[in-house]
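Each position in the sequence shown, counted from 1, maps to that position plus 22 in this note's numbering. Single-structure report; data block below.
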Amino acid sequence: MCGIVGYVGPRDAATVVYNGLKRLEYRGYDSAGVAVLAQNGHIAIRRDVGKLGNLGSLLAESPVSGEIGIGHTRWATHGEPSQRNAHPHVGMNGRVVVVHNGIVENFLPLREELEAEGVTFASETDTEVIVQLVERYLESGLGFETAVRQTLAQLEGANAVVVMSVDQPDELICARLGNAGGITLGIGHDEMFIASDIPAILEYTRNMIFLENRQMALVTRQSYQITDLAGVPLQPEVHNINWDPVSAVKGEFKHFMQKEIHDQPQALIDTMRGRVNFEKGTIALPEMNLTPELVHSLNKIIIVACGTSYYAGLVGKFMIEALSRIPVEVEYGSEFRYYDPIIDEKTAVLSITQSGETADTLVASEQARAKGATLWSIVNVIGSQSMRISDGYIAMQAGPEIGVASTKAFTTSLADMYMLGCVLGEIRGVIDPVRMRELVNNLAHIPSLAGQLLENEAVYENLASVFHGAQNFLFLGRGINYPVALEGALKLKEISYIHAEGYPAGEMKHGPIALIDETMPIVALATNDRLYDKMVSNIQQAKTRGGIVLAVATEGNKTIANEADYVIEVPASSELLQPILNTIPMQLLSYHVAVWRGCDVDQPRNLAKSVTVE
Ligand code: AGP
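Structural data, given as structure tokens:
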């Protein structure tokens, strides 16, 4: 997904913008650029294909100075990654420059219309129609603001833009149309910041406004005005972001992913903060706005999510059903939106989303609302679209998750669904105070148990030295650990590019067992629970077919070593919370295999941190 940064104020704009783009690198990109309104009143652009360092070299060789500028990291949709297709894009007359995130779905007819009027295009991008349209309106005598409004009114699709013009040298205009990633306005002292995401500007200000769909902002160094697209003034909330800017950097770790795996004990503590009272043995989720009337009216919950968040939802189904006795369905956002789901006012739809900006999840949520559902979200990014459209939400409070591969968001969302299940069960009279205290006590131990798992990474470096050459992997689990197998497979394949498949262990005999031989390592989740013996027999079946088995087992299990080739021990917890602990070895194994293979762990090929396109 593209990254956007804008600045107006007394600092060197190119430096602020470039540093902001570096904080957005995790979103994935293939080219980058900066535009500054130079002292001579002209627009100066520096842009290049490839890593951000190429742009940095360009800026060092040929600096641009000015106090207002915009920048962009591009994840190509229309037009191959190249210097000419990199943003920012300037109009034919050099009066206007734009950076853009999303897709202008009607760009072809707009381009043809403009070319018929004699406009020459310099790129193959859909973005360029935006800047050429604004210039056309300026040439017709309209002012900058009106020219931008007229342009936005013609765009179809989800788009986020920042526009700068020599006609209005002290002003940036930004706008959000649909779910093409956020536009965040950072409010400083005698300076303003615009960004796609909080980490880009957090070092300068904590006071932020998040544009909603079909809103725009007129921004100068000392003022901002938020309006709808018709120009009606709005008064959005100013959020104070309490994230620690340090947490948006790697520190002593080699990769963001490694740091974020190690963040998990603290993130789990933070997600409970203000919600779990360990002394009283109670849980409160005020942002969920749960009333007894609402909770008693529900006859089902549908969880919608994508990728890792979908697997979190599969674990959450076990938790919420066991704790609240409300039936739970789990659906991929990208599938759900094309179903004709059975939804009414007795349904609650819960989206799980780290970014809060995943297009498939957002569209599914909005469709559910249109059918009368109550909308909930479990979301990490404060002020994101998912958070804003929900009737109730739980903020993961995991801090910024920069690595493309989701780790701490997954485990904190499990803790959040556990808490949600407890609260729903309590309201429905399924959980009494004695049971609640037991549930809270089990939860209280999780952060420290997770910390134990992180003390010895050498085990995983050794396993990576054994397995890094494998071409295929199988992850097996049963019951609440089956989704953990799915998540383990996704982690491995998305950062090491090894084909990996998660499978319900009981299903192996219905076909996939034919795959097993000594070239197919198998990770078996075999911690102590009701299904342990079944897992052991699955391990034995794999071994008799020559499979190499790595078992995740409960520490103190003395017999599993007789069954599996390798054993990773995890501390024991309650069955409902065990997936939080069992996931951590999956994360560390995939991380160290990817490092062995020299992969770009934080920015795997073809992937983006938040998929805001459909
Ligand atoms: C997981 O490691 C991936 N980064 C991806 O599957 C991700 O979980 C998915 O795109 C959903 O993102 P979200 O949680 O921000 O909605």
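Think of the CB as a built atom: it goes at the ideal place given N, C-alpha and C, for glycine as much as any other residue.
Distance check for residue j and residue i, CA to CA, integer angstroms please.
| i | j | result |
| --- | --- | --- |
| E309 | Y415 | 6 Å |
| N262 | I231 | 9 Å |
| K73 | H277 | 16 Å |
| W618 | H490 | 6 Å |
| V592 | R391 | 41 Å |
| M418 | A289 | 8 Å |
| R171 | D366 | 37 Å |
| W398 | D413 | 6 Å |
| H109 | V352 | 39 Å |
| G421 | M279 | 13 Å |
| A386 | S319 | 22 Å |
| E388 | T605 | 31 Å |
| F658 | I152 | Residue coverage of the chain in this structure runs from 23 to 636, which leaves residue 658 outside it and unanswerable. |
| G510 | L233 | 35 Å |
| G165 | G210 | 27 Å |
| S226 | Y588 | Note on identity: in this sequence residue 226 is Tyr, with Ser being the wrong assignment. Whole-angstrom Cα-Cα distance: 48 Å. |
| D52 | G25 | 11 Å |
| I374 | Y360 | 18 Å |
| A594 | A492 | 30 Å |
| D362 | A395 | 14 Å |
| L194 | L240 | 6 Å |
| A82 | R295 | 45 Å |
Quick check on the burial criterion: 16 or more other C-beta atoms within 10 angstroms. Buried or exposed for residue i?
| i | result |
| --- | --- |
| Q562 | exposed |
| I364 | exposed |
| Q257 | exposed |
| Q423 | Note that residue 423 is Glu in the sequence shown, not Gln. Answer is buried; the Cβ neighbour count reaches 16. |
| T293 | buried |
| V545 | buried |
| G42 | buried |
| S470 | exposed |
| G200 | buried |
| G447 | buried |
| V126 | buried |
| H284 | buried |
| N321 | exposed |
| A35 | buried |
| G378 | buried |
| K531 | exposed |
| P349 | exposed |
| Q61 | exposed |
| P287 | buried |
| H614 | buried |
When you compare the CB positions of residue i and residue j, do they come within less than 8 Å of one another, or not?
| i | j | result |
| --- | --- | --- |
| V426 | K631 | yes |
| Q600 | T566 | no |
| A344 | A334 | no |
| R68 | V86 | yes |
| G101 | T147 | yes |
| L174 | M214 | no |
| I502 | P543 | no |
| L475 | L603 | yes |
| P103 | V71 | yes |
| I648 | A370 | The displayed coordinates of the chain run from 23 to 636. Any statement about residue 648 would go beyond what the structure contains. |
| S487 | A616 | no |
| A507 | F497 | yes |
| N560 | A527 | yes |
| A54 | H111 | no |
| A431 | N402 | yes |
| Y29 | L77 | no |
| I291 | R297 | no |
| L372 | I449 | no |
| I538 | A575 | no |
| S218 | N123 | yes |
Of all the CB atoms in chain B, is at least one closer than 8 Å to the CB of residue i?
| i | result |
| --- | --- |
| I152 | You won't find chain B in this structure, because it holds only one protein chain. |
Is residue i near the ligand MG, with its Cβ less than 7 Å from a heavy atom?
| i | result |
| --- | --- |
| D587 | For the ligand MG, the structure offers nothing, since it holds only the ligand AGP. |
Discussion item. Is it the case that the region 450-459 contacts the region 575-590, given that we only count it when at least three CB pairs across the two stretches are under 8 Å?
Written reply: These segments do not touch.
Discussion item. With three or more beta-carbon pairs closer than 8 Å as the criterion, would you say the region 152-161 touches the region 108-124?
Written reply: Under the 8 Å Cβ criterion, the region 152-161 counts as touching the region 108-124, having at least three qualifying pairs.
Worksheet item: Taking one C-beta from the region 182-191 and one from the region 87-97 each time, how about it: are there three or more such pairs within less than 8 Å?
Response: Under the Cβ criterion (8 Å, minimum of three pairs), the region 182-191 counts as touching the region 87-97.
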